[in-house]
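**Student:** Here it is, the structure, as structure tokens.
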Amino acid sequence: MEICRSIWSQDLGHRKSEGDNGTMSLSALPRSCLFPPATRSCKQRCSAFSPSPSKLSIRMARSSIQEVSESGAFVRTPSAFRNFISGDPDSPFPAESGRYHLYVSFACPWACRCLAYLKIKGLDKIIGHTVVKSKWGRTKDGDTHIGWVFPASNADEPGAEPDPIIGAGSVRELYETASPIFSGKYSVPVLWDKELKTIVNNESSEIIRMLNSEFNGLAENPNLDLYPPHLQAQIEEANGWIYDCINNGVYKCGFAKQQAPYEKAVENLYKALDKCEQILSNQRFICGNLLTETDIRLFVTLIRFDEV
Ligand SMILES: N[C@@H](CCC(=O)N[C@@H](CS)C(=O)NCC(=O)O)C(=O)O
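First residue of the sequence shown? That's 1 in full-length UniProt numbering, and the numbers climb one at a time after it.
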């Protein structure tokens, strides 16, 4: 096969995990059943994926390498944890100093968006973060699944650290602590609630919105608004094609299993890169002369085209 594997699949150390026969797709389920509102009790948290766990008998992808359609195209499964932190102190997940923790991988552009927000909004003293090892490893003894793991010590790999919150050996352990019935992808980023010992949210596009607006009472840069009301329509429009063709587009290239979807994805990717080039040769940022979330979302993917 001519498919040219890029760093997008190589740098994650992908291997097919034998024994995993999960298939998609949650996209067939109604959104309301997957992403109900925030709940406080453990029992409710555990059912956070469906009012009826039996609905989860559908086999789900447990890793990006399984997210492939019958035609060989990469099809992303929606993120499962979709609760929101709010600036309102009475909300189920109120914005508080020291309560939340972000788990990231430097190899993951989605996680790096969130890390960029921690820094740019001046939130890194309020919300801690931990970096996993850059290559996947076995996530459980006696199980063939491979995914993000924590190092045994700080000396293992620069930047990566053992989990300081619950002492997890893998990101999978965080998901299983949050919900014993979870059977999807153990992805980063993970925004963790130390008080309720659960995952608040594992969808980067939503995590960055919370970091932008909900911690402003605690942030060092509360006036920096990367989603300002007067640019929201433009931001959404640009996010749409940039997500489809570039952010998710590189995954469509890297994870395609057939030549046709691969070629389509590459064509769309390079057309979109040309469009960015054209926009940015006339103005400083994608939505005009103001830095917005669109630039951050684009940058963390683009930077990976440079050699490291
Ligand atoms: N929708 C998620 C996507 C996150 C995602 O796909 N993360 C990948 C790494 S780049 C991951 O952790 N994959 C784990 C796996 O496939 O097992 C987001 O934007 O936060």
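Beta carbons: idealized from backbone N, C-alpha and C, even for Gly.
Of the residues Glu237, Gly137, Cys245, which one's Cα is nearest the Cα of Tyr227?
**Tutor:** Taking only the C-alpha atoms, the option nearest Tyr227 is Glu237.
**Student:** Could you spell out where the alpha helix (DSSP H) holding Trp148 opens and where it closes?
**Tutor:** Premise fails: Trp148 is in no alpha helix (DSSP H) and is neither H nor E.
**Student:** Taking 6 Å as the line, does the beta carbon of Ser187 fall inside it for any heavy atom of ligand 1?
**Tutor:** Yes, since a heavy atom of ligand 1 falls inside the 6 Å radius drawn around the Cβ of Ser187.
**Student:** Bridge partners for Ala160 per DSSP, in chain order?
**Tutor:** DSSP, once it has assigned bridges, lists Val131 as partnering Ala160.
**Student:** Is Gln66 buried or exposed, if buried means 16 or more other CB atoms sit within 10 Å of its CB?
**Tutor:** The residue is buried, with at least 16 neighbouring Cβ atoms inside 10 Å.
**Student:** Under the rule that 16 or more other beta-carbon atoms within 10 Å means buried, what is Ile303, buried or exposed?
**Tutor:** Counting Cβ neighbours within 10 Å, Ile303 comes out exposed, since fewer than 16 surround it.
**Student:** Please state whether DSSP places Leu34 in a helix, a strand or coil.
**Tutor:** Reliability fails at Leu34, whose pLDDT of 27 lies under 50, so the model's placement of it is uncertain and the value that follows must be treated cautiously. Here Leu34 sits in helix by DSSP.
**Student:** If you pair each beta-carbon of the segment 101-120 with each one of the segment 207-223, do three or more pairs fall below 8 Å?
**Tutor:** Taking 8 Å as the limit for Cβ pairs, the verdict is that the segment 207-223 does touch the segment 101-120.
**Student:** With a floor of 4 residues, list each alpha helix (DSSP H) that falls wholly inside the segment 149-230, ordered by position along the chain.
**Tutor:** Listed in chain order, the complete alpha helix (DSSP H) runs (minimum 4 residues) inside the segment 149-230 are 171-178, 204-213.
**Student:** Between Trp241, Gln259, Asn289, which has its C-alpha nearest Arg297's C-alpha?
**Tutor:** Checking every option, the nearest Cα to that of Arg297 belongs to Trp241.
**Student:** Using the C-alpha atoms, what's the distance from Asn282 back to Glu161?
**Tutor:** Roughly 42 Å between the two C-alpha positions.
**Student:** Near Pro222, what residues of its chain come up, given a Cβ to Cβ distance below 7 Å and the 5 sequence neighbours on each side ignored?
**Tutor:** Same-chain partners within the cutoff: Asn216.
**Student:** Counting beta carbon pairs with one atom in the segment 69-77 and one in the segment 266-274, are three or more of them shorter than 8 Å?
**Tutor:** No: the two stretches stay apart, fewer than three of their Cβ pairs being nearer than 8 Å.
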